[in-house]
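Chains as they are written, first to last, in the working numbering: chain A, 5 to 631; chain B, 59 to 239; chain C, 536 to 635.
For every residue, glycine included, the Cβ atom is placed at its ideal position computed from N, Cα and C.
Written out below as structure tokens is the structure these notes cover.
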Amino acid sequence: MNQLLAYIPAFPLLGFILLSLFGRKLTNPVIAIIGAGTVCLAAITTIVLGVSFLQTPPQGGAWQQLLWSWFRVGTLSVDLSLRIDALTLIFIFIITFVGALIHIYSTFFMRHDADYARFFASMNLFVCSMLLLVMADNLVLLYLGWEGVGLCSYLLIGFWYDVPSNCRAANKAFLITRIGDTALLIGLFLLFKELGSLNMGTILQQAPKHFVSGGASITLITILLMVGGMGKSAQLPLQTWLPDAMAGPSPVSALIHAATMVTAGVYLIARMNGLFQLSPVTMAIVAIVGAITLFVAGCSALAQTDIKRILAYSTISQIGYMFLALGVGAWSAAIFHFFTHAFFKALLFLAAGVIIEALHHEHNIFMMGGLRKRMPEVFLTFLAGAAALSALPLVSAGFYSKDAILWYSWSAAGGNPVLWLMALAGAFITALYSTRLMLVVFWGDMRSPVHEQPDKGMIIPLIVLAFFSVTAGFIEWPHNLFHLTLFSDQVQQVLPQTVMKENEPSEWLFQGIAALVTLSGVYLGYVLYYGKSGVRWQQSPGLSATRDFLFSGWKFDQLYNYVFVKPYLFLTRINKGDVIDKLYNAIAQGSMRLNSWFSVSQNGSLRMYIVGVLAGILFIITLQLLL
Amino acid sequence: MVITRFHPVHALLYLAVSFFSSSMVFLSLGAPFVAALEIIVYAGAIIVLFIFVVMMLNLGRETAQQEKEWLKPKVWVIPAALVLLLLIEMIILLFSEDKQVMQIAVVEPRKLALSLYGEYIIAVELTGFLLMAGIVGAAHIGKHKKTELHRFLQNGHTDKEKTTYTRKTETVTTEQTAIHE
Amino acid sequence: MNSAQMVLMVAAVLFALGLVGVLTRKNVIFMLISVEIMLNAAGMAFVAAGAKWQQPDGQIMFLFILAMAAAEVSVGLALVLQIYHQHKTMDVDRLRELRD
């Protein structure tokens, strides 16, 4: 079984190479078969692997495959080796399975696009890099995948590069994630300096012996790693790129900016759990960042009008939940939320893509409406996704994962009531904006005509994802209800058990509160947005200032503009006539002056040159004679 | 006399005379092989090469006329004075050396050849390279660049190009004879 | 006044004459002819020196000069042809394209 590991990333890589080399010559059906087929093959391989993993768990909980030695410098030896344990298995399952569905969807979604091959080449490269990221055995390989997904994200956000705003969005995404990447890189250097190895197993083994728990160096390293994760996962304060990243095609948003890449930060922190546990301060920061992010992004989602931006803010908010769970030490809950979130958020994005295409690229939800009757399949699948997003009790996958996080944010060792309240408020807001989205888009009057019905090929992935959005939660039930823990049983082979506090109120109470809050959010949304009342509320002047504030994402862009960009521009303006440059300019001007003097002698007359030579000879011989 | 002629062919004839006389000087210095080479290569090949070029460029009476105009005293006095100065200095240098009588001894071609392919073998090969480069360079430079013209304009040019092409091959063959000594 | 010095003097005179030729003539062909004279003079000086020490080296140097002169003349004349084709003139003073 070991030998199959390398095939999982190799298939998409093969697709990428084929498409980028011969993409121009191939016809669209061939491109679709290569592009989607390779990812499907990877998904099948993953499922085969996963089944055998569950049947005969390997010794030590992981399979490893050493492909070849990448490089050796001094004591650092980096191998290109892959490793699969339960945590990785969940991630590669999501990446390949959801990735394959999204690829199938995109073969129809992108069929009118001129750059069909380029799209699939980038998507395949992305899948390959993402797989490398999660399957990497050492942090250098992980970093390779990390940069690879950043690159593909850039390429795909700016896919329609003839619109300048798309290119700006791509640049923004690349630059802001770069802040995080740099922090991650510095973190890796520090880690290597301390431990002398970047192999994950070695690090996790040696870290407890080498570092003092809560010491300065471990805190610094984990904070740097966390900042890296925050950049990729669009957490406060590096979250501003994700809403703009919606400039890319919808499948890209579904695959990269909802299901997989943005959770790379979650993966990193979960993978490095041994380090983070040594630093309570960082854990607290992770939890606080997550809690603030989920609240702030949720509020922003409330005010958006662009359907994809709503989903983008909700993605930020949901990843905030994952960070919160990581921060309080509820490792398996975070991964579980990632698992369910990947399904329902990919579903929501794909469905949004269908709606946008059917309505002539209309993004504004207030220009939609009444789609329930016209696009019933999309409506039903979207409903499943939105229910999971708002965590409707019992029937949706989102409930099980989010409820676990809510419960742990109070009761786990790192949890406290403030975090819990934030998370609860987030859940309320989530339910509110999900309801708003559903009501505005699918109920009410039809404001734009539906000009074409979506293909069957686009609907099938939606249905599959909708099925998982509902049922994915059933593999892990709360402790008090059935106590079925298939998921965390697997995950806890890798991740530490969640430490609970003593003497906490019963879980029932929290579940009840969470369900109540969710339902009240839905009810409030219904009251505010159903029928005509929604429009009236929208137009009330007292709220417009707040709405503008939320609409612009809490003015973070403007804040960064004032705090970073303006002073930087100011400094550059001061430094325009650079003092040090003057010196070099003087040298350059001096040589120009000399050049103009000497160029007089360069008059092009051959005989003048010979006379010059003759004069030189005469001079030398005369010297010889005289001396 | 070479440098004062106006007509190029006259100048070349005088050049041949000059080569012959220097060949005699070599003979009197005891270098018969070099004397023979001087006549064969310089007087034979190189002058022939010059004559070809003169013929090809059709330099005749009008050139001589032009030369007469160019060769004004104003033009040549200053360089001539400078060179005279140089000559005087060189002669002074020559006579400031010790004055020992030289015995003339004939250096046989055999000794020459032994030394040439013995200690100077590298220099010989380098010279071979130089000649090779000379051939390639001359063939390349002498190639008349094809002017890309519209087909309506080409009629007048084709004949001319043909002739230059034959000329070029001629040059190359002469060079080769020159080089093969 | 011995033979070697006489020969060297002849060489010096030849060299000077060649130099005058190069300097005063405007026609490229004449300049090339003058350069040949100068090379010949240099070769003569070598041979004289070789004769003085009774060594073959001087003559070998002359051989090399000969080969070089052949190469130089062939390339030089090819250039002359090209120049004449392109500029329709042999006047070096008018070939000033290299000036800045």
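*Would you check if the distance between the CB atom of C:Leu558 and the CB atom of B:Pro137 is smaller than 8 Å?*
The count along the third sequence starts at 1 and reaches residue 558 of chain C at position 23. The count along the second sequence starts at 1 and reaches residue 137 of chain B at position 79. Closer than 8 Å, so yes.
*Are the beta-carbon atoms belonging to A:Val153 and A:Val82 less than 8 Å from one another?*
The residue you call residue 153 of chain A lines up with position 149 of the first sequence. The residue you call residue 82 of chain A lines up with position 78 of the first sequence. No, Cβ-Cβ distance for A:Val153 and A:Val82 is not below 8 Å.
*Whose C-alpha, out of C:Gln589, C:Phe581, C:Val610 and C:Ala583, is nearest the C-alpha of B:Phe108?*
In the second sequence, residue 108 of chain B corresponds to position 50, counting from 1. Taking only the C-alpha atoms, the option nearest B:Phe108 is C:Val610.
*What three-state label does DSSP hand A:Gly75 in the structure shown?*
Taking the first residue of the first sequence as position 1, residue 75 of chain A is located at position 71. Strictly speaking, residue 75 of chain A in this sequence is Phe, with Gly absent from that position. Correct three-state label for A:Phe75: strand.
*Please name the residue, chosen from B:Ile150, B:His198 and B:Met82, that lies closest to A:Leu622 on a Cα-to-Cα basis.*
Numbered from 1 along the first sequence, position 618 holds the residue referred to as residue 622 of chain A. When only C-alpha atoms are compared, the closest one is B:Ile150.
*Going by DSSP, name the residue or residues bridged to A:Val82.*
The residue you call residue 82 of chain A lines up with position 78 of the first sequence. DSSP lists A:Phe75 as partners of A:Val82.
*Which chain A residues are close to C:Leu552, counting only those with a beta carbon under 8 Å from its beta carbon?*
Taking the third sequence and counting its residues from 1, the one referred to as residue 552 of chain C is at position 17. Per Cβ cutoff of 8 Å: no residues; C:Leu552 is ~14 Å from chain A at best.
*Could you work out which residues of chain C lie near B:Pro137, taking near to mean beta carbons separated by less than 7 Å?*
Against the second sequence, residue 137 of chain B aligns to sequence position 79. The contacting residues are Val555, Leu558 and Thr559.
*Should A:Pro16 be labelled buried (16 or more other beta-carbon atoms within 10 Å of its own) or exposed?*
The sequence position of residue 16 of chain A within the first sequence is 12, counting from 1. With 16 or more other Cβ atoms within 10 Å, it is buried.
*May I ask you to report which of helix, strand or coil DSSP gives B:Asn116?*
Position 58 of the second sequence, counting from 1, holds the residue named residue 116 of chain B. Coil.
*Using a beta-carbon distance below 8 Å, is B:Pro66 in contact with chain C?*
Counted from its first residue, the second sequence places residue 66 of chain B at position 8. So yes, B:Pro66 belongs to the interface.
*Rounded to whole angstroms, what's the CA-CA distance from B:Tyr178 to C:Gly593? Just pull it up for me.*
Translated into the one-based positions of the second sequence, residue 178 of chain B becomes position 120. Translated into the one-based positions of the third sequence, residue 593 of chain C becomes position 58. Cα to Cα, B:Tyr178 sits roughly 12 Å from C:Gly593.
*Among A:Leu396, A:Ile369 and A:Leu352, which residue has its Cα nearest to the Cα of A:Val382?*
The count along the first sequence starts at 1 and reaches residue 382 of chain A at position 378. Here the closest residue by C-alpha is A:Leu352.
_7 Å CB neighbourhood of A:Ser634 in its chain, flanking five on each side removed_ = Any property of residue 634 of chain A remains undetermined from this structure, which presents chain A solely from 5 to 631.
*Compare the C-alpha of A:Leu70 against each of A:Met379, A:Ala10 and A:Ile96 and name the closest.*
Here residue 70 of chain A corresponds to residue number 66 of the first sequence, with the count starting at 1. Closest in alpha carbon position to A:Leu70, among A:Met379, A:Ala10 and A:Ile96, is A:Ala10.
*So, does the CB of C:Met536 fall closer than 8 Å to a CB anywhere in chain A?*
Here residue 536 of chain C is taken as the residue at index 1 of the third sequence, counted from 1. Interpretation of C:Met536 is limited by its pLDDT of 45, a score under 50 that renders its predicted location unreliable; no figure is taken from the coordinates.
*Who are the neighbours of A:Val615 on chain C, taking C-beta pairs under 8 Å?*
Position 611 of the first sequence, counting from 1, holds the residue named residue 615 of chain A. Under the 8 Å cutoff, chain C gives Leu558.
*Using a beta-carbon distance below 8 Å, is B:Ile149 in contact with chain A?*
Your numbering for residue 149 of chain B matches position 91 in the second sequence. No, its Cβ sits nowhere closer than 8 Å to a Cβ of chain A.
*Beta-carbon neighbours of A:Leu627, restricted to chain B and to distances below 8 Å*: Position 623 of the first sequence, counted from the start, is the residue given in the question as residue 627 of chain A. By Cβ distance, chain B contributes nothing, its closest Cβ being about 11 Å from A:Leu627, past 8 Å.
*Listing by chain order, which chain C residues have their CB less than 7 Å from the CB of A:Arg597?*
Numbered from 1 along the first sequence, position 593 holds the residue referred to as residue 597 of chain A. The premise fails here: A:Arg597 is roughly 15 Å from chain C at the closest Cβ pair, so nothing lies under 7 Å.
*When DSSP labels each residue in this structure, what does A:Arg28 get in the three-state scheme?*
Here the question's residue 28 of chain A lines up with position 24 in the first sequence. In this structure, A:Arg28 counts as coil in the three-state DSSP scheme.
*asked:* How far does the alpha helix (DSSP H) with A:Met134 in it extend, from its first residue to its last?
replied: The count along the first sequence starts at 1 and reaches residue 134 of chain A at position 130. Here the alpha helix (DSSP H) through A:Met134 covers Tyr120 to Met139.
*Going by C-alpha distance, which of C:Ala602, C:Val555 and C:Val545 is nearest B:Ala191?*
Counted from its first residue, the second sequence places residue 191 of chain B at position 133. That would be C:Ala602, whose Cα lies nearest to the Cα of B:Ala191.
*Looking only at C-alpha atoms, which of A:Gly525, A:Ser73 and A:Ile289 sits nearest to A:Arg440?*
Walking along the first sequence from the start, residue 440 of chain A turns up at place 436. For the residues A:Gly525, A:Ser73 and A:Ile289, the minimum Cα distance to A:Arg440 belongs to A:Gly525.
*Starting from the beta carbon of A:Leu618, find every residue of chain C whose beta carbon is closer than 8 Å, and list them in chain order.*
By 1-based counting over the first sequence, the position of residue 618 of chain A is 614. Within 8 Å Cβ-Cβ: Leu554 and Leu558.
*Test: B:Leu70 CB closer than 8 Å to a CB of chain A*: If you number the second sequence from 1, residue 70 of chain B lands on position 12. Not closer than 8 Å to any Cβ of chain A, the Cβ of B:Leu70 fails to qualify, so no.
*Where does B:Leu184 land, buried or exposed, given buried means 16+ other C-beta within 10 angstroms?*
One-based indexing of the second sequence puts residue 184 of chain B at position 126. So B:Leu184 ends up on the exposed side.
_Is it buried or exposed, A:Gly616, if we count other Cβ atoms within 10 angstroms and call 16 or more buried?_
One-based indexing of the first sequence puts residue 616 of chain A at position 612. The residue is exposed, with fewer than 16 neighbouring Cβ atoms inside 10 Å.
*Could you tell me whether the region 269-278 of chain A touches the region 307-316 of chain A, using the rule of 3 or more Cβ pairs below 8 Å?*
Because the criterion of three Cβ pairs below 8 Å is not met, the region 269-278 of chain A and the region 307-316 of chain A do not touch.
*Within 10 angstroms of its Cβ, does A:Pro453 collect 16 or more other Cβ (buried), or is it exposed?*
Here residue 453 of chain A is taken as the residue at index 449 of the first sequence, counted from 1. Counting the other Cβ atoms within 10 Å of the Cβ of A:Pro453 gives fewer than 16, which makes it exposed.
*So who's on the other strand from C:Gln589, going by DSSP bridges?*
Counted from its first residue, the third sequence places residue 589 of chain C at position 54. Note: C:Gln589 is not bridge-paired with any residue in the DSSP secondary-structure output.
*Which bits of chain B does A:Leu622 rub up against, with CB to CB less than 8 Å?*
By 1-based counting over the first sequence, the position of residue 622 of chain A is 618. Under the 8 Å cutoff, chain B gives Leu140, Leu143, Leu144 and Glu147.
*What residue from A:Ala355, A:Leu393, A:Val300 and A:Leu387 has the CA that sits closest to A:Phe342's CA?*
The count along the first sequence starts at 1 and reaches residue 342 of chain A at position 338. Looking at the Cα atoms, A:Leu393 is the closest of the given residues.
*From this set, A:Leu328, A:Ser237 and A:Thr31, which residue's C-alpha is nearest A:Gly419's C-alpha?*
The residue you call residue 419 of chain A lines up with position 415 of the first sequence. Selection A:Leu328, A:Ser237 and A:Thr31 evaluated against A:Gly419 yields A:Leu328 as nearest (Cα-Cα).
*Using a Cβ-Cβ cut-off of 8 Å, state whether C:Ala586 counts as contacting chain B.*
The residue you call residue 586 of chain C lines up with position 51 of the third sequence. It does; some Cβ of chain B falls within 8 Å.
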